[in-house]
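Below is one structure, written out as structure tokens; comments come after it.
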DNA sequence: GTGAAAGCGCTAACAA
DNA sequence: TTGTTAGCGCTTTCAC
């Protein structure tokens, strides 16, 4: 039931004040649950605000209080599965706090990252969570000068502007290499995204080749793609690679989706997995549970990263920050062997 | 190279004004590219702003100008694939405009929708794009009284508060029913999410049963799930359903992911698709291209919906809106038969 | 427990 | 082309 006709001009504190005969100041106090207000006045104010359908103006509030309860979260993409999970972690922690995440997407483009950060900073957020350690000089300067907590996430192979939460992708690649060699595979192919700008994928690849090199092994074939359905690409690239290099006994994919494509192709061909060819991906995407075989993979601690980052920001916005909350966190990804990296030893 | 030490207090227009000896007003004009400013002054201002690393304060700007270039986009989930694609559509259209989308997530909970909308409205955005036509009375009241353009998206089976862009899910369900019957299938099972709150899935289901009913056909078995990996759930539910009802000759899934799970299960069992059993899903998710068979499905025009919604908002924020931009748009989803709904006629 | 005054950093409107 | 003045709607601070 409408008590009044819909207002053309947004309502102000003043309107509520008029409606209930209480000063603006007191109305403000009631609405923010601050300071002491008698129950009677509080009830009158609340009733009036509700009846009018008053929605406070945060713009004015933030300007006056010099506080903005927004946390800028800047990520490369929403299509990647990885990032929505990070956001969930952030949300879980900020859920019952005054802080609110605001998401910006960069499409893996440094210039866009710069623009997005600039726009978000112009709202004077209480903190920034940003993916990756690699940024343009301008971006880094903005982060340094913002005067607010900054958490760089996902990756810990590098030097952060301020705080940092993630995993070492280099090490993840290296450990995967070791796991593969341990099982006796030695003719190894790699498939991944074209990654001039996906630094995490690049570091994994570098760690991987490094890990192989230590055992005197080199990648025998490699292929990169961009765009298109990852599953379809995985199929296609795998077919092509095996035509080119039929002797490969292991395929390492830079993510689970193309890995799954490869898996489906090999199953179609009736190839023995993991006997004849072993497979591994990266990310441990839940989405893929239910495939005919469980792909070997490594999880990237996505949710945990989001949570930890949010906690760091949160800690810095409260009256006296707990000095025990660490600001440089390296998480350890777990390797799942699944059904594609457990070779029955040959001999 | 830093020209100054990092400021502890954020810089103001005043600082730039002082630094270049030009009035605040003129600095403001330069930074907003408004009004006539001589090239000489502009260059001086720009140089000073850049050297200082000045980032304008939108909070103050918006309060003064009574304009906020934000568009609230309220969706149920980011994990659903569907919504990131809608967001992409929105982004594409707003990319080169002053408007900026801000995303809020409701987790399919009406109370959370209410909270999220309230918080977003408190930033006085220029428009709202919100998923669905079903909202709490309070939510609807806020939308009505906000005094800004509101576009309800995804669904057109109902009455919008203001503008609306989507498809008719009821009709989509009905058309799928017809397509299935046309191929001669008649013993039909349904699997979907528990959908007390997913109104689109519910409407599809209703349209579907309605479409069957017209031909005197009834669903023979049904099952609902919630949570977990959709692919795995699809496998499991399909197995269970076929144990229970071995005579089914068609399975309709409320989304492609569980449909894909079902598909994989049937292939494992060596069941002839689409001869013995036909399959269909919904959404036409690109992700799944590359499966052994292409699942019959219907696309939900996700990107287009985002684009159209953004255009409606955009049109209302410009000086004189084009009256020819329609505000109630019903898109037509296309049916893809794929490889799982093309039965060789039996007889 | 309540109210009055001042001002947050910017821009609209007007004056020069 | 440039500058001045007066707020935007709220909160801070201080007085009562």
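Residue numbers (the working numbering), protein chains in the order written: chain P, 27 to 373; chain F, 27 to 373.
All C-beta atoms, glycine included, are put in the ideal place defined by N, C-alpha and C.
- The beta carbon of residue 299 of chain P is closer than 8 angstroms to those of 289, 292, 293, 305, 319, 365 and 366 in its chain, skipping five residues each way along the sequence.
- Rounded to whole angstroms, the gap between the alpha carbons of residue 130 of chain P and residue 118 of chain F is 14 angstroms.
- Under the DSSP assignment, residue 142 of chain F falls outside any beta strand (DSSP E), being part of the alpha helix (DSSP H) whose first and last residues are 136–147.
- Annotation for residue 178 of chain P: the continuous beta strand (DSSP E) segment containing it runs 176–181.
- Contact of residue 324 of chain P with chain F is not assigned, every C-beta pair being separated by 9 angstroms or more.
- Flagged as an interface residue toward chain F: residue 84 of chain P, by a C-beta distance shorter than 9 angstroms.
- In this structure residue 316 of chain F touches residue 260 of chain P by the C-beta definition: roughly 7 angstroms separates them, less than 8 angstroms.
- Contiguous beta strand (DSSP E) elements confined to the stretch 302–370 of chain P occur at 304–306 and 354–356, taking only those with 3 or more residues.
- When only Cα atoms are considered, residue 115 of chain P and residue 363 of chain P end up about 25 angstroms apart.
- Each of P/278, P/297 and P/256 was checked against the Cα of residue 237 of chain P, and the nearest Cα belongs to P/278.
- With the rule of 3 Cβ pairs closer than 8 angstroms, the stretch 99–106 of chain F does not count as touching the stretch 67–77 of chain F.
- Residues of the same chain with a CB within less than 6 angstroms of the CB of residue 184 of chain P, apart from the 5 flanking positions on each side, are 159 in chain order.
- In this structure, the beta-carbon distance from residue 162 of chain P to residue 178 of chain P does not fall below 9 angstroms.
- Counting only the Cα atoms, residue 89 of chain P lies some 32 angstroms from residue 110 of chain F.
- Per DSSP, residue 238 of chain F is not a residue of any beta strand (DSSP E); the alpha helix (DSSP H) it occupies stretches across 225–240.
- In this structure, residue 314 of chain F lies near residue 321 of chain F, with their beta-carbon atoms less than 9 angstroms apart.
- Among the residues of the stretch 131–146 of chain P, those with a Cβ less than 8 angstroms away from any Cβ of chain F are 131, 144 and 145, in the order of the chain.
- Taking the Cα of residue 252 of chain F as reference, the smallest distance to any Cα among F/218, F/244 and F/274 is reached at F/218.
- For residue 249 of chain P, there is no enclosing alpha helix (DSSP H); the residue is part of the beta strand (DSSP E) that begins and ends at 247–251.
- Annotated three-state conformation of residue 73 of chain F is helix, per DSSP.
- Where residue 168 of chain P is concerned, the enclosing alpha helix (DSSP H) starts and stops at 163–171.
- By the Cβ rule, the stretch 165–179 of chain P does not count as touching the stretch 198–210 of chain P, because fewer than three pairs are nearer than 8 angstroms.
- Any Cβ of chain F closer than 9 angstroms to the Cβ of residue 292 of chain P would place that residue at the interface, and such an atom is absent.
- A straight-line Cα-Cα distance of about 21 angstroms links residue 79 of chain P and residue 135 of chain F.
- Residue environment analysis places residue 358 of chain P among the exposed positions, since fewer than 16 neighbouring C-beta atoms fall within 10 angstroms of its C-beta.
- Cβ neighbours of residue 233 of chain F within its own chain (closer than 7 angstroms, five residues either side excluded): 195, 196, 197, 198, 199 and 200.
- Residue 127 of chain P is a Cβ neighbour of residue 336 of chain P, given a cutoff of 9 angstroms.
- Inter-residue distance for residue 332 of chain P and residue 91 of chain P is about 28 angstroms (C-alpha atoms, whole angstroms).
- When secondary structure is reduced to three states using DSSP, residue 129 of chain F falls in the strand class.
- A direct Cα-to-Cα measurement between residue 221 of chain P and residue 356 of chain P gives close to 23 angstroms.
- Counting only residues of its own chain and dropping the five nearest sequence neighbours on each side, residue 347 of chain F has a CB closer than 7 angstroms to the CB of 341.
- Taking all protein chains in view, the Cβ of residue 182 of chain F is crowded by 16 or more other Cβ atoms within 10 Å, so the residue is classified as buried.
- Among the residues of the stretch 255–274 of chain F, those with a Cβ less than 9 angstroms away from any Cβ of chain P are 255, 256, 257, 258, 259, 260, 261 and 262, in the order of the chain.
- Listed by position along chain F, the residues whose Cβ is nearer than 9 angstroms to that of residue 287 of chain P are 316.
- Residue-level contact check: residue 167 of chain P touches chain F, since one or more beta carbons of chain F fall below 9 angstroms from its beta carbon.
- With fewer than 16 neighbouring CB atoms inside 10 Å of its own CB, residue 269 of chain F falls in the exposed class.
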